[in-house]
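Reading through the structure tokens given below for one structure.
In the working numbering, the protein residues as written are 48 to 632.
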């Protein structure tokens, strides 16, 4: 079978919403084009000063692999910094593969595609002029060296010229696209160093939000005393009284278009364009408008998690559970069971260096464990070179989109972790970064603390391990007997965990290991067996039986009963009565 094109995505830390939306656009278009995608994903900010950030760039060395057919280079000057960007440009140039730089003007080395802010930013300023008749309008844009800052400033100047409005070099200011510049700008306004204008148009939402808060804190009301607008369309407001007028920059389409152009250049083929029509002007009250559409008060966040899920993972005990692991295999197995906390995760794979590889950055690795289909697989995979990046792809799935990140503690490299999600709208989040950090802390404890354990050495004698396994088995066997005898007592997994003093992940893992099924599935089976017995031998009503079997809802009991037995409780009772001895057939 012909191999699908493999696209490498060089990405900064996905801590910003617009970077995440660019990557979502790439993922969706890649699926339409029939490409596999491997996203080389650092999990720290390179602009930081930590040792972890310094050695995180090892993930980008994989760009030298011949397996890639082309690259998308998603740059972020703030998170990456000039040194990392220069390093990546040199690395990608040496790859001799086609590279598309995303959201950049005229890259001197690679082809590039960018989002033109000019016309969208004009719409915000023209709204202030046309709808509110403001004349004295200031502009706070971004850093002077950035193309986006200059584009937005040019749009401001052109609108002011178009309507014959006065401005000079005190009317516009270069900022940082961050709160520090808006705080300084607010100080100048509050102190009188700058005359108060009628309106201020900010180059992004972060500066606009910070400016509004600073002005309101000094008693200068927005929009009564001065109007403020933003740009980018982030899903937040300044406070409960002021909603931000802004423009939603369509970063999703930027990523999709970059992927489509890349595909055309490496294959010579056209691909149907994907789009998401949720960009455009977002009307708030910060400009002076008093009627804000209700639909625009709804926060649109493609990465939003259901509240029930957030409550379920709140206070997860993973880091404490991993701290009790005494071998690498035990650590990885515990960690994989905890991946239930990763919303919409489809599969997790952990790769560790081969014990025979003594390089500082191991060249030979193998899969040491996976979590998918709600179960852990600790069967080790084949040994392969880290530069054979196609071996990171899933053979059981057509259309891979995988985020690959390094597992390391400073210069000590342990291996890699890969995650893929269900659908093409999810990217990793803060939960995932914490998840990986917990694994790294555990690996550092076991592999680097005073030679406590070699990569293959067991911490405990085999006899002691067997005793502990037997103790766990007997404990869970007793629990199983209680579940079968009193299924109505156990209304939640949390209650079971509290009774036996075991974490949720440990319970799930050990119960499945010993009995080949989950605790929850077994509890349901015991409840239904109890219900069948009562239907056949008692005259209790359906509702009474549901309650006696641990169900708080008769309808839910009936639904679950039919799902398992393929008949309703009434049908089951009737069939049992008809089969009794002495009854006419």
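The beta carbon of each residue, even a glycine, is placed where N, CA and C say it ideally should be.
DSSP state of residue 584, grouped into three classes? helix
Can you find at least 3 beta carbon pairs, one from the stretch 139-152 and one from the stretch 299-316, that sit closer than 8 Å? yes
Do residue 255 and residue 291 come within 7 Å of each other at the CB atom, strictly closer than that value? yes
Reduced DSSP category for residue 61 - H, G, I as helix; E, B as strand; rest coil: coil
Expressed to the nearest angstrom, what Euclidean distance is found between the alpha-carbon atoms of residue 429 and residue 601? 51 Å
Helix, strand or coil: how does DSSP classify residue 454 here? strand
From residue 59 to residue 68, what does the alpha carbon distance come to, in whole angstroms? 13 Å
Quick check on the DSSP output: the alpha helix (DSSP H) that includes residue 484 runs from which residue to which? 477-495
Between which two residues does the alpha helix (DSSP H) harbouring residue 249 extend? Here residue 249 belongs to no alpha helix (DSSP H); instead the beta strand (DSSP E) covers 246-249.
Do residue 190 and residue 116 come within 7 Å of each other at the CB atom, strictly closer than that value? no
For the alpha helix (DSSP H) holding residue 209, just list the boundary residues, first then last. 194-209
Measuring straight from C-alpha to C-alpha, what distance separates residue 622 and residue 419? 40 Å
Inter-residue spacing [alpha-carbon to alpha-carbon] between residue 527 and residue 562: 9 Å
Would you mind working out which of 335, 253, 574 sits nearest residue 530, comparing C-alpha positions? 574
Have a look at 118, 84, 125 and flag the residue whose alpha-carbon is nearest the alpha-carbon of residue 92. 125
Under 7 Å, do residue 112 and residue 436 count as touching if we go by C-beta distance? yes
Let's see if you can read the secondary structure: which residues bound the beta strand (DSSP E) around residue 274? 274-276
Just the Cα atoms here: how many angstroms apart are residue 100 and residue 456? 10 Å
Close Cβ partners of residue 41 (< 6 Å) along its chain, the five nearest in sequence each way excluded: This structure leaves residue 41 out entirely; the chain is present only between 48 and 632.
Once DSSP output is grouped into helix, strand and coil, what is the label at residue 417? strand
Local Cβ density within 10 Å of residue 110, reported as buried at 16 or more and exposed below that: buried
Distance, residue 434 Cα to residue 612 Cα: 51 Å
Taking the alpha-carbon of residue 222 as reference, which of 207, 249, 244, 206 has the nearest alpha-carbon? 249
In or out: residue 317 buried (at least 16 other Cβ within 10 Å) or exposed? exposed
What is the rounded straight-line gap between the Cα of residue 476 and the Cα of residue 107? 20 Å
Quick check: residue 258 and residue 238, are their CB atoms within less than 7 Å of each other? no
Of all the options 535, 87, 294, 543, which has the alpha carbon lying nearest to the alpha carbon of residue 333? 294
Anyone know if the C-beta pair for residue 414 and residue 396 falls short of 7 Å? yes
I believe residue 184 touches residue 172 by the beta-carbon criterion, under 8 Å. Please report the beta-carbon distance rounded to the nearest angstrom. 7 Å
Local conformation of residue 74 per DSSP, three classes: helix
Contact under 7 Å by Cβ, residue 376 with residue 550: no
Cutting at 7 Å between CB atoms, please list the residues of its own chain near residue 571, excluding the five before and the five after it. 607
If you run the structure through DSSP and keep just helix, strand and coil, what is residue 101? helix
So, residue 485 versus residue 88, is the Cβ gap smaller than 7 Å? no
Straight-line gap, residue 192 to residue 186 (C-alpha atoms, nearest Å): 16 Å
Need the endpoints of the alpha helix (DSSP H) that residue 157 sits in, please. Per DSSP, residue 157 belongs to no alpha helix (DSSP H) and is neither H nor E.
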